[in-house]
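J.:
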Amino acid sequence: MRRHKGKQPVVTVGIMGQDAGMGATHLAIALSCYLAGHLKQQTALAELGTGGAFRQLSPLGNEDSFQHKKVTWYPSLAPQELGWVYNQDYGYVVLDLGADSQMARQELARCHQRIIIGSLSPWRQERYYSYIERMQQEMGEIDMYTFVALFGDKIEIKHCRRTFKVPVKAVPFIADP
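For the record, in the sequence shown the residue sitting at position 80 is 204 according to our numbering, with numbers rising by one throughout.
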């Protein structure tokens with residue numbers, strides 16, 4: 125378990141999208157701002173995906189890290205740079221892992237909280253179901269992962285939980301994380 129400066133262990137939360145455009149970055153930003161703003165936790169938000177969205181939010185656009193909304197943001201980090209972040213004085217480190225990839229899966233497996241985001245909208249739900257089935261086949265037990273769904277109603281989420289016997293939660297609508 126990661127520890128920082130003799131205090132409580134650092135809690136790592138990894139968020140990975142089933143596909144690109146599923147909302148992993150949006151959810152990672154919202155969660156980080158909640159942890160820092162409402163729960164008053166020292167929070168770092170590290171972008172490991174290839175999207176580069178954090179650089180667009182950076183005041184100067186070229187910083188290795190910056191502060192915004194009481195969160196320390198780390199744009200475009202390589203996995204080997206995470207050790208340095210973990211050794212800082214953070215209670216939480218949230219990882220935006222981007223879309224599913226081998227690197228994203230490896231980093232997600234190392235996290236305390238593992239979140240996979242997909243969509244249960246009618247035109248995407250079969251793809252999300254297939255994805256969960258494939259994860260079960262490839263990884264075996266996946267009950268240590270939390271699957272979250274965009275646009276799924278209560279009936280679809282309940283059906284998904286029962287069918288795959290995994291935790292599935294709805295992502296609340298957050299207009300501006």
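Glycine included, every Cβ here is placed at the ideal spot set by N, Cα and C. Being a predicted model, the structure only gives us computed values, none of them experimental.
Count the other CB atoms, across all protein chains shown, that sit within 10 Å of the CB of residue 257; report buried if there are 16 or more and exposed otherwise.
T.: Mapped onto the sequence shown, residue 257 falls at position 133. Label assigned to residue 257: exposed.
J.: Restricting to Cα atoms, I'd like to know which of 189, 164, 159 is closest to residue 171.
T.: The residue given as residue 171 occupies position 47 in the sequence shown. The candidate whose alpha carbon is nearest that of residue 171 is 189.
J.: Going by DSSP, name the residue or residues bridged to residue 192.
T.: On the sequence shown, position 68 is the one that residue 192 refers to. Looking at the DSSP assignment, residue 192 forms a beta bridge with 195.
J.: Whole angstroms is fine: what's the gap from residue 227's alpha carbon to residue 233's?
T.: Counting from one through the sequence shown, the residue named residue 227 turns up at place 103. Counting from one through the sequence shown, the residue named residue 233 turns up at place 109. One C-alpha to the other measures close to 10 Å.
J.: Three-state secondary structure (DSSP) at residue 139?
T.: Walking along the sequence shown from the start, residue 139 turns up at place 15. In this structure, residue 139 counts as strand in the three-state DSSP scheme.
J.: Within the region 211-282, note down every full alpha helix (DSSP H) run reaching 4 residues or more, in order along the chain.
T.: Qualifying alpha helix (DSSP H) stretches, in chain order: 226-234, 249-263.
J.: How far does the alpha helix (DSSP H) with residue 169 in it reach, from first residue to last?
T.: Along the sequence shown, one-based indexing puts residue 169 at 45. Residue 169 -> not in any alpha helix (DSSP H); beta strand (DSSP E) instead, spanning 167-171.
J.: Rounded to a whole number of angstroms, what is the C-alpha to C-alpha distance between residue 202 and residue 150?
T.: For the purposes of this step, residue 202 is taken as the residue at position 78 of the sequence shown. For the purposes of this step, residue 150 is taken as the residue at position 26 of the sequence shown. Each residue's Cα considered, the two are about 20 Å apart.
J.: For the region 162-170 and the region 248-255, state whether three or more C-beta atom pairs, one from each stretch, are separated by less than 8 Å.
T.: Too few Cβ pairs lie closer than 8 Å, so no.
J.: Looking at chain B, is there any beta carbon in it that lies within less than 8 Å of the beta carbon of residue 275?
T.: Among the chains of the structure shown, chain B does not appear; only one protein chain is present.
J.: What span of residues does the beta strand (DSSP E) with residue 294 cover, start to end?
T.: Counting from one through the sequence shown, the residue named residue 294 turns up at place 170. That run of the beta strand (DSSP E) goes 292-294.
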